[in-house]
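Here our numbering is used: the first residue of the sequence shown is 59, the next is one more, and so on.
We put the beta carbon where it would ideally sit given N, CA and C, even for glycine.
This report refers to the structure that appears directly beneath it.
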Amino acid sequence: IAGITGNSLKSIMTISEKSQITSYEVSERIAQNMKAHTLGESLILLVCKKIVRTMLGNEAAKEINTIPLSNDSIHRCILEMSSDIEKDVCNFALQIDESTDNANKAQLLTFIRFLDEDQIINQFLFCKELSATAKGKDQISWKLCVGISTDGAPSTVSCIKGLTSFVKKQNENVVITHCFLHGETLMAKTLGDKLREVLNQAVDIVNYIKQDKSRLFKQFCINMGSQHRYLLLHTEVKWLSKGKVLNCVYEIRQELLKFFLRNKTKPLFLTLTEEELTAVSTDGFSTLTNIKCKKRTNLQSTDNKMRDCLSYICPNIEEITKI
């Protein structure tokens, strides 16, 4: 370094700083467009080098190589920008929805609503797997929390040791509300006897076919020249499957009627003969499913990149590069 002049050293430092800023800017774009972190090194860097080499020459293209765009660099930049956005949050409200993914692991998705100048902003905060309790891990100042909305899971609203009771002890002024998404589920549990009977019998039909008659039913439909071949598997864990199951059963009711008549399955056959009631149930659950799907649109993404993607607050990249 002793042989390097002051101007040369200043030039090197300037290039390095610009490279870091560029790295954060590219990372922000990758996060906002929900692309893989490897895209920076495998595509963006290569394309930039070709463009600069064509437009400005080989010497300018060499400077592009100094931009850190590896998978690890992109990941680190996204985490740091996410933390920078998080620091700008003052008073906040939480909407918490605890669910179980297809790997049977509890995932905690959290959105925040905060005041940005004269606007109320709703943003994604995080999605984390719940392995155990983690009270005090992030040292959240609950005095700044103005409200919490939960989905009604026992682990979050238990009056003894749930999240809401814990927060109430820290801040007695916090407002606890019940998530609007749960309303349709509660309504579905108060169905009339006839509608519930149709739903339960539709589930019985699906389970009967899925248990050991799938191949027979498929071959039967082929012989009939029907375009339908399968029935959706119903599960109580996924509430939205109720509407899908009823739709599927109603669409292939004629094939099912003939199949059960042939196999002399009278109880299931009688269910499908009440076509009007089945149609009403199908329309009702389809409407609820559509409403619930639309309301859950904001709960489909995960990871720290979501905060960069959904946030209206721009990370202070120049400040981050100076740390």
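Look at the alpha carbon of residue 139 and the alpha carbon of residue 224, and state the distance between them as a whole number of angstroms. 30 Å
Go ahead and pull the three-state DSSP assignment for residue 98. helix
Beta-bridge pairing of residue 205 - partner residues as DSSP gives them: 151, 233
Residue 179 (DSSP reduced to helix, strand or coil): strand
Three-pair Cβ contact test at 8 Å for the stretch 96-113 versus the stretch 124-137: yes
Could you check which residue in 256, 176, 150 has the C-alpha nearest to that of residue 200? 150
Helix, strand or coil: which one does DSSP assign to residue 359? No answer about residue 359 holds up, because its pLDDT of 40 lies below 50 and its placement is not dependable.
I'd like the span of the alpha helix (DSSP H) that includes residue 116, first residue to last. 116-122
Work out the CA separation of residue 120 and residue 77 for me, nearest whole Å. 12 Å
Closest Cα partner of residue 81 within the set 208, 137, 164, 220: 137
Round the Cβ separation of residue 206 and residue 167 to the nearest angstrom and send it over; I've been treating them as touching at under 8 Å. Not really, about 14 Å apart at Cβ, beyond 8 Å.
For residue 74, I'd like the list of residues in its chain whose CB is within less than 8 Å of its CB, leaving aside the five on either flank, ordered along the chain. 124
C-beta atoms of residue 178 and residue 132 nearer than 8 Å: no
Going by DSSP, what residue range makes up the alpha helix (DSSP H) through residue 223? 221-228
Of all the options 169, 110, 86, 226, which has the alpha carbon lying nearest to the alpha carbon of residue 142? 86
Boundaries of the alpha helix (DSSP H) in which residue 314 is found, first to last residue: 311-320
If you compare alpha carbons, which of 183, 115, 122, 90 is closest to residue 104? 122
Spatial neighbours of residue 111 within its chain, please: CB distance less than 7 Å, with the 5 preceding and 5 following residues excluded, ordered by chain position. 119
Excluding the five sequence neighbours on either side, which residues of its own chain have a C-beta within less than 7 Å of the C-beta of residue 163, listed in chain order? 187
How big is the Cα-Cα spacing for residue 315 and residue 222? 50 Å
Taking the CB atoms as reference points, tell me whether residue 233 and residue 226 lie closer together than 8 Å. no
For residue 90 and residue 83, the rounded distance between their alpha carbons: 11 Å
Assign residue 235 to one of two classes, buried (16 or more other C-beta atoms within 10 Å of its C-beta) or exposed (fewer than that). exposed
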